[in-house]
Amino acid sequence: MSDSGSWRLPAAPYRGSWRLAGRFWPTVRDDPADAEAVSHRLSVRAGLVRQLAAGLYTVTPLGLRVIARVEGIIREEMDRIGAQELLMPIMHPAEIWEETGRYGLAEQFRLEDRSGRRMVLAMTHEEIITWHAARELRSYRDLPQSWYQMQTKLRDEPRPKSGMLRVREFTMKDSYSFDADDAGLDRSYAAHSDAYARIFDRAGLTWYRVESDVGMMGGSGAHEYMAPSDAGEDMIARSADGTYAANVELAASVAADPAFADVPDAPEEFATPGIGTIGELAGFTGLAPAALAKAVVVVSDAGPVLAMVRGEHQVHEKKLAHVIGPHRAAHPEEIRGWFGADPGSLGPVGLDGSGVRVVADTTLRTGHYVTGANRDGVHLRGVVLGRDFQAEVADIRTVLAGEEAPGGGGPIELVPVIEIGNIFRLGTKYSDPLGARYLDEHGQERVIVMGSYGIGPARVAMAAIEQGHDDVGIIWPTGIAPFDVHIVLIGDEYSPQADYAAALWAELSDLGLEVLLDDRPGLRPGEKFVEADLLGCPVRVTVGKRTLPDGPVEVRVRRTQEASEVPLEGAAQAIAALWRGLADGSGEHPPC
RNA sequence: CGGGACGUGGCGCAGCCUGGUAGCGCACCUGCUUUGGGAGCAGGGGGUCCCCGGUUCGAAUCCGGGCGUCCCGACCA
Numbered sequence: 120m121s122d123s124g125s126w127r128l129p130a131a132p133y134r135g136s137w138r139l140a141g142r143f144w145p146t147v148r149d150d151p152a153d154a155e156a157v158s159h160r161l162s163v164r165a166g167l168v169r170q171l172a173a174g175l176y177t178v179t180p181l182g183l184r185v186i187a188r189v190e191g192i193i194r195e196e197m198d199r200i201g202a203q204e205l206l207m208p209i210m211h212p213a214e215i216w217e218e219t220g221r222y223g224l225a226e227q228f229r230l231e232d233r234s235g236r237r238m239v240l241a242m243t244h245e246e247i248i249t250w251h252a253a254r255e256l257r258s259y260r261d262l263p264q265s266w267y268q269m270q271t272k273l274r275d276e277p278r279p280k281s282g283m284l285r286v287r288e289f290t291m292k293d294s295y296s297f298d299a300d301d302a303g304l305d306r307s308y309a310a311h312s313d314a315y316a317r318i319f320d321r322a323g324l325t326w327y328r329v330e331s332d333v334g335m336m337g338g339s340g341a342h343e344y345m346a347p348s349d350a351g352e353d354m355i356a357r358s359a360d361g362t363y364a365a366n367v368e369l370a371a372s373v374a375a376d377p378a379f380a381d382v383p384d385a386p387e388e389f390a391t392p393g394i395g396t397i398g399e400l401a402g403f404t405g406l407a408p409a410a411l412a413k414a415v416v417v418v419s420d421a422g423p424v425l426a427m428v429r430g431e432h433q434v435h436e437k438k439l440a441h442v443i444g445p446h447r448a449a450h451p452e453e454i455r456g457w458f459g460a461d462p463g464s465l466g467p468v469g470l471d472g473s474g475v476r477v478v479a480d481t482t483l484r485t486g487h488y489v490t491g492a493n494r495d496g497v498h499l500r501g502v503v504l505g506r507d508f509q510a511e512v513a514d515i516r517t518v519l520a521g522e523e524a525p526g527g528g529g530p531i532e533l534v535p536v537i538e539i540g541n542i543f544r545l546g547t548k549y550s551d552p553l554g555a556r557y558l559d560e561h562g563q564e565r566v567i568v569m570g571s572y573g574i575g576p577a578r579v580a581m582a583a584i585e586q587g588h589d590d591v592g593i594i595w596p597t598g599i600a601p602f603d604v605h606i607v608l609i610g611d612e613y614s615p616q617a618d619y620a621a622a623l624w625a626e627l628s629d630l631g632l633e634v635l636l637d638d639r640p641g642l643r644p645g646e647k648f649v650e651a652d653l654l655g656c657p658v659r660v661t662v663g664k665r666t667l668p669d670g671p672v673e674v675r676v677r678r679t680q681e682a683s684e685v686p687l688e689g690a691a692q693a694i695a696a697l698w699r700g701l702a703d704g705s706g707e708h709p710p711c
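Here our numbering is used: the first residue of the first sequence is 120, the next is one more, and so on.
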């Protein structure tokens, strides 16, 4: 924190511009020991956030400026598509959540009030907004509506991690659309999709829109907005030409067939002593893993399931869950009981009547494969789906990098990403149980068709750090930087430079920029430069006696660290022009 | 929920193995010097060594239990 001898908050004629002296800005010299992700380390070091407990963070005044700018962009773009801001409570009666069957979810914080009434803390607000819609929207004339809020969400995450990226309490922009029918939902969905594209572009992110699983929200279709980052927890599959992009949870691919030998008339047993893994089997047989079939045993609510994929693939738990529902891995003793063999020699042949459900990946539809014979140390070659065993066929494999994208978009690459937003077609999943209905023009009662749409402003900010930094600090996109210009004053408060810096600060502010003036007394120039690099505002201006009173001021672009000099005469205009150039010519600026 | 690591002034760490009156760097306070890329000298303040229990003449150190935080996996806007 800076040393300001006199506690003198500056007169602040410019709401968006700050003088630093006396402000609370707790920067840190060393990386925090428990921070791994880049955004976690830099957001702590740059004095933007402080941790309270696992997954609980306080945002500092400087950090709040970034969040406010992200939220400002979101508000502008939501308002632009006609969405209306409102605000709902974060504490709700449990009964409403019981009506949709979402009371008791593991991530839900539950509590009781003093009279014993059961309450929940908001994980999200579908139930609540639908409860209101059910009471207020009655006629087709009331539709469509889009309502949104910036509100706290609380989730008892099993594993908070990576600083602000996965937390237990966070602010979400959540919006909800109410339409008369599916066509209306299509329009609301498209409007949100357009707004989201503008929001993430203006926030300066590299982002992808991908098909996604509907997860706990339920509904009939969804997209996620993903910012590529090594700190990401999700993985997407993306075609080389960008025409295909999907969360790996549902990504499909075309996996080339291996070269198959001639098919034998029937499966042939052969001894495979000591062979237990696909790698060993491939080495032993001299066949490619793609010509081998892997068997994974899980236990669903309905009993044992044998999941078959080709040797080079893995079973994807979520995809399998779409077919068989919730399941767990089988224990070794269970497997021995059902198959009479240990993992390593399991296969689908001869399971008829055993009660084991067999699910085969789509790749197994063609060709013939080596599988376990359900006897230890014995395998079968030439096993053909449909001839030698029966199975449900479904896409249950993980996509591999390099496989062909559906639609011919070229080879797939796998990219780790941070989920920064999502949009869901909810349909009537909430409106139906909560009784949100209206009368159409024929006097027919119909169920309102809903969509829900979320963005995490803090995640947007952290993704920007992940995507914009170097070894000395953050490099903010112009749209969400805490300030547009950071003036470093070198010299005490009574120096001529101080007067000039204050004048430049005022002039730049008059030109519509938001300017930080580092007028903290007693700091060495090096300290101010290092902290300016850490904070990462797009343009830095140095005002010191090396060049003043007569000479130029030094201007430096944070992203490139390119320095230039501008003459005193017209300096503010020149700096503003430089900033506008960095802001991609738009000069557009969210209100703070 | 499975696996691993860590917990010692505000921050980063050493000390623990082999028990004996708690240390280093940074930060902070005072003074002098210094002032364009995290200054120098001198002096100074600040620690229930995460908590509870046990062993011991004596525990930061050994033992048991608990709590907290981070990382990997599972899970998940």
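Positions of the beta carbon are idealized from the N, C-alpha and C atoms, including for glycine.
When DSSP assignments are scanned along the segment 660 to 706, the uninterrupted stretches of alpha helix (DSSP H) that are 4 or more residues long and fall wholly within it turn out to be 690 to 701. Arg278 and Arg285 have their C-alpha atoms spaced approximately 8 angstroms apart. Scanning the segment 122 to 203 for uninterrupted beta strand (DSSP E) segments of 3 residues or longer gives 168 to 172 and 175 to 178, listed from N- to C-terminal end.
Inclusion of Leu411 and Ile394 in the CB contact set at 8 angstroms is not warranted, their separation being larger than that value. Beyond the five residues adjoining it in sequence on each side, Lys413 comes within less than 6 angstroms, by CB distance, of Ile397, Val428 and Gly430 in the same chain, given in chain order.
Look at Leu608 here: in three-state DSSP terms it is strand. Taking the Cα of Ala378 as reference, the smallest distance to any Cα among His487, Gly575 and Gln433 is reached at His487. Contact between the segment 539 to 555 and the segment 567 to 587 is established, with three or more Cβ pairs separated by less than 8 angstroms. Beta-bridge pairing by DSSP links Ser296 to Ser265 and Gly570. With a beta-carbon spacing of about 15 angstroms, Leu181 and Asp638 fall beyond the 8 angstroms limit used to define contacts. Secondary structure of Lys437 (DSSP, three-state): helix. The shortest C-alpha to C-alpha distance from Arg237 to any of His211, Leu256 and Arg221 is the one to His211.
DSSP places Arg455 inside the alpha helix (DSSP H), whose first and last residues are Pro451 to Phe458. One alpha carbon belongs to Arg699, the other to Thr597, and they sit about 9 angstroms apart. In the structure shown, Arg494 falls within a strand segment according to DSSP collapsed to helix, strand and coil. Under the DSSP assignment, Tyr557 falls in the beta strand (DSSP E) whose first and last residues are Arg556 to Leu558. Non-local C-beta neighbours of Ala449 in its own chain, meaning closer than 7 angstroms and more than five positions away in sequence, comprise Val416, Val417, Val418 and Pro423, ordered along the chain. Residue ranges of uninterrupted beta strand (DSSP E) with 3 or more members, entirely inside the segment 214 to 276 and ordered along the chain, are 229 to 231, 237 to 240 and 264 to 273. Ile609 is a Cβ neighbour of Pro644, given a cutoff of 8 angstroms.
Taken through DSSP and simplified to helix, strand or coil, Lys647 comes out as helix. In the structure shown, Phe602 adopts coil according to DSSP, grouped into three states. Assignment of Ile584 by DSSP, reduced to helix, strand and coil, places it in the helix class. Less than 8 angstroms separates the beta-carbon of Val658 from that of Val674. Per DSSP, Phe403 is one residue of the alpha helix (DSSP H) stretching across Ile397 to Thr404. With a cutoff of 8 angstroms on beta-carbon distance, Val634 and Asp603 are scored as near each other. For Gly501 against Gly463, the beta-carbon gap comes to about 20 angstroms, at or over 8 angstroms, which does not count as contact. In this structure, the straight-line span from the alpha carbon of Leu653 to that of Leu161 is close to 8 angstroms. Cβ contact annotation for Ala390 (same chain, cutoff 7 angstroms, sequence separation greater than five): Gly496 and Val497, in chain order. For Ala356, the enclosing beta strand (DSSP E) has its first and last residue at Asp353 to Ser358. The three-state reading of DSSP puts Asp480 in strand, counting E and B together. In terms of Cα proximity to Ala702, the closest of Gln563, Tyr549, Arg321 and Ala375 is Arg321. From the listed residues Ser348, Gln509, Leu667 and Leu636, the smallest Cα separation to Ser614 is found for Leu667.
For Met283, no pairing in a beta bridge is given by DSSP. In the same chain as Thr485, and ignoring 5 residues on each side of it, the C-beta atoms closer than 7 angstroms to its own belong to Asp376, in chain order. Collapsing the DSSP output to three states places Gly575 in coil. In terms of Cβ geometry, Thr243 and Asp298 do not form a close pair [threshold 8 angstroms].
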